[in-house]
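S.K.:
Numbering (the numbering used here), first residue to last: 34 to 274.
#1: By a C-beta neighbour count over all protein chains shown, 10 Å radius and 16 as the cutoff for buried, is residue 96 buried or exposed?
#2: Which residues in the same chain have their Cβ closer than 7 Å to the Cβ of residue 269, if we skip the five residues on either side of it in sequence?
#3: Tell me which residues share the same chain as residue 67 and place their Cβ nearer than 8 Å to its Cβ, disregarding the 5 neighbours each side in the sequence.
#4: For a quick check, are the C-beta atoms of residue 168 and residue 196 less than 9 Å apart?
#5: Roughly how many whole angstroms lie between the Cα atoms of residue 204 and residue 51?
#6: Would you kindly work out how many angstroms separate the C-alpha atoms of residue 136 and residue 227, rounded to a whole number?
#7: Can residue 170 and residue 271 be called in contact, C-beta distance under 9 Å?
#8: Determine the DSSP secondary structure at residue 192, reduced to helix, strand or coil.
#9: For residue 221, I'd like the list of residues in its chain whose CB is within less than 7 Å of its CB, leaving aside the five on either flank, ordered along the chain.
#10: Could you give the residue range of the beta strand (DSSP E) that holds residue 260?
#11: Tell me the DSSP bridge mates of residue 209?
#12: Would residue 60 and residue 217 qualify as a contact pair, given that the criterion is a beta-carbon distance under 9 Å?
#13: Is any beta-carbon of chain D found at less than 9 Å from that of residue 124?
#14: Buried or exposed for residue 258, please, with buried defined as at least 16 other CB atoms from any protein chain shown within 10 angstroms of its CB.
#15: Output the boundary residues of the beta strand (DSSP E) element that contains residue 121.
#16: Grab me the residues of residue 101's own chain with a C-beta within less than 6 Å of its C-beta, minus the 5 sequence neighbours each way, in chain order.
#17: Would DSSP call residue 265 helix, strand or coil?
#18: I need the DSSP call for residue 158, collapsed to helix, strand or coil.
#19: Residues bridged to residue 222 by DSSP?
#20: For residue 234, does the count of other Cβ atoms within 10 angstroms reach 16, so buried, or fall short, so exposed?
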């Protein structure tokens with residue numbers, strides 16, 4: 034585990050998310066790629082430009098420059114905390130740009146924050162987290178949002194629960210958990226999807242499998258269940274093509 038991709042909006046990362054980043058990066062002495070995706074501001078054509086057609090473009094350039102400076106400041110801050118960090122600044126839609134960066138930069142792990150609030154319409158349309166879990170070419174570690182900050186980030190993953198599904202072999206379980214188990218001397222438990230609610234590990238691990246539209250809609254997809262309700266981090270692997 035040599036490289037971690039860490040997307041950030043620069044201002045809204047919870048302390049627990051940063052703590053987990055430090056935990057994982059320190060465990061493997063990994064380099065962190067701090068990714069910020071700048072979404073261009075869409076100009077409001079109903080507003081006057083005071084006879085200056087270029088004012089919108091200038092404002093956009095200013096915002097881009099400010100965004101880049103904030104990223105550089107955050108890189109310096111993380112370096113001062115002992116992390117090996119480089120910055121990656123991109124323009125585009127956030128979700129697509131994160132997946133594109135993961136494909137180009139080939140990190141060993143992607144860490145991102147995840148809201149635990151899910152509604153019927155999230156399941157109907159497909160949540161951004163579930164889309165990222167489906168599209169990212171590397172394992173993704175989802176950290177629950179600040180709603181559960183009362184449970185602080187651990188200094189190590191002492192207990193890991195692997196959610197076993199159909200066609201998952203013992204070899205796959207071992208391959209997907211060995212680096213974390215070894216790094217933290219963690220206790221590994223293998224559970225079924227029906228046992229998710231009965232377990233409170235430091236980390237859930239699961240391989241995402243396609244369950245189809247109805248599976249997601251009815252809440253029977255165990256990956257989506259974890260992403261929408263888990264109060265601890267969830268490490269998602271991907272179904273082999």
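The C-beta atom is built at its ideal place from N, Cα and C for all residues, glycine as well.
Since the structure is predicted, the reported quantities are computational estimates derived from the model, not experimental observations.
M.R.: Looking at the coordinates:
#1: In the chain shown, counting from the first residue as 1, residue 96 sits at position 63. By the 10 Å Cβ count, residue 96 comes out exposed.
#2: For the purposes of this step, residue 269 is taken as residue 236 along the chain shown, with counting starting at 1. Counting only Cβ-Cβ distances below 7 Å, and skipping sequence neighbours, we find 166, 172, 173, 175, 239, 241, 256.
#3: Translated into the one-based positions of the chain shown, residue 67 becomes position 34. Answer for residue 67: 39, 41, 104, 107, 108, 111, 118, 119, 120, 121, listed in chain order.
#4: Here residue 168 corresponds to residue number 135 of the chain shown, with the count starting at 1. Here residue 196 corresponds to residue number 163 of the chain shown, with the count starting at 1. In this structure, residue 196 does not lie closer than 9 Å to residue 168 by Cβ.
#5: As a first step, residue 204 must be located in the chain shown, where it is residue number 171. As a first step, residue 51 must be located in the chain shown, where it is residue number 18. Approximately 31 Å between the Cα atoms of the pair.
#6: Here residue 136 refers to the residue found at position 103 of the chain shown. Here residue 227 refers to the residue found at position 194 of the chain shown. A straight line joining the alpha-carbon of residue 136 with that of residue 227 spans about 33 Å.
#7: The count along the chain shown starts at 1 and reaches residue 170 at position 137. The count along the chain shown starts at 1 and reaches residue 271 at position 238. For the pair residue 170 and residue 271, the CB atoms are nearer than the 9 Å cut-off.
#8: By one-based count along the chain shown, residue 192 stands at place 159. If DSSP states are grouped into helix, strand and coil, residue 192 belongs with the strands.
#9: Residue numbering aside, residue 221 sits at position 188 when the chain shown is read from its first letter. Here the set comprises 193, 195, 210, 214.
#10: To locate residue 260, count along the chain shown from 1; it is residue 227. Counting along the chain, residue 260 sits inside no beta strand (DSSP E); it lies in the alpha helix (DSSP H) bounded by residues 255 to 262.
#11: To locate residue 209, count along the chain shown from 1; it is residue 176. Looking at the DSSP assignment, residue 209 forms no beta bridge with any residue, so it has no partner.
#12: For the purposes of this step, residue 60 is taken as the residue at position 27 of the chain shown. For the purposes of this step, residue 217 is taken as the residue at position 184 of the chain shown. Contact flag set, yes.
#13: The chain inventory of the structure shown lacks chain D, comprising one protein chain alone.
#14: Here residue 258 is taken as the residue at index 225 of the chain shown, counted from 1. It counts as buried.
#15: To locate residue 121, count along the chain shown from 1; it is residue 88. 117 to 124 is the span of the beta strand (DSSP E), which, as asked, contains residue 121.
#16: Stepping through the chain shown from its first residue, residue 101 is reached at position 68. 122, listed in sequence order.
#17: For the purposes of this step, residue 265 is identified with residue 232 of the chain shown, where counting begins at 1. Coil, per DSSP.
#18: Position 125 of the chain shown holds residue 158. Confidence at residue 158 is low in this model, with a pLDDT of 37, below 50, so its placement is unreliable and the value that follows should be read with caution. Residue 158 falls in the helix class under three-state DSSP.
#19: Taking the chain shown and counting its residues from 1, one reaches residue 222 at position 189. Bridge partners of residue 222: 194.
#20: Here residue 234 refers to the residue found at position 201 of the chain shown. That one is buried.
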